[in-house]
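All remarks here apply to the structure that follows.
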Amino acid sequence: MSVHKIEHVGIRVSALEDSIEFYSRVIGLKLAGTLGEVEAPVRLAFMSFPGQTSVEIELIAVRDAQELANEGRVHHIAFTVSQIEQEYERIAKLGLSGLDKQISQLSNGSRYFFFSGPDGERIEFFEPVKL
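Numbers 1132 to 1262, taken from the numbering used here, label the letters of the sequence shown in order.
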């Protein structure tokens, strides 16, 4: 096979600048660049972690577009974290919607919680078992 890696994950957003700010402030991603002028029918923003550009988040804003069908939506996007308790407290203090009532644990000991992004997209913070 010639498939090598995940290139990017596309997330449909209603307000590009608001989502850029959210993913910068809450997740720590940096804006790599945008495509499309403010009045363009489609605008894109590409974001990644500083020093790590192998996988990007692509924010997609479509002007005057109808809602995406359910089958085309991303269920969630997960980010690896360390010190999950501190991250949970930080997200709780931000007052973000959709925050799980507690941190959950898988049978292998990995832990996670979910919260919502500005357009209702589900975001998971995931702390894998230390190997």
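For every residue, glycine included, the Cβ atom is placed at its ideal position computed from N, Cα and C.
> Since F1153 contacts F1210 with CB under 8 Å, what's their CB separation in whole angstroms?
Replying inline: Contact flag wrong, Cβ pair sits at about 13 Å.
>> Taking 8 Å as the threshold (C-beta atoms), are G1167 and L1175 in contact?
In response: yes
>> Run through the DSSP bridge pairs and tell me what F1177 is partnered with.
In response: Answer is G1164, E1189, bridged to F1177.
> Which whole-angstrom value describes the C-beta separation of S1213 and K1136, a residue pair presumed to lie in contact below a C-beta threshold of 8 Å?
Replying inline: The Cβ separation is near 23 Å, so there is no contact.
>> Rounding to the nearest angstrom, what Cα-Cα distance links P1259 and F1246 in this structure?
In response: 18 Å
> Do the CB positions of A1163 and E1187 come within less than 8 Å of each other?
Replying inline: Yes.
>> Are the CB atoms of E1220 and I1142 within a distance shorter than 8 Å?
In response: no
> Near G1240, what residues of its chain come up, given a Cβ to Cβ distance below 7 Å and the 5 sequence neighbours on each side ignored?
Replying inline: V1260
>> With H, G and I counted as helix, E and B as strand and the rest as coil, what does DSSP make of A1223?
In response: helix
> Between the beta-carbon of S1150 and the beta-carbon of L1190, is there less than 8 Å?
Replying inline: yes
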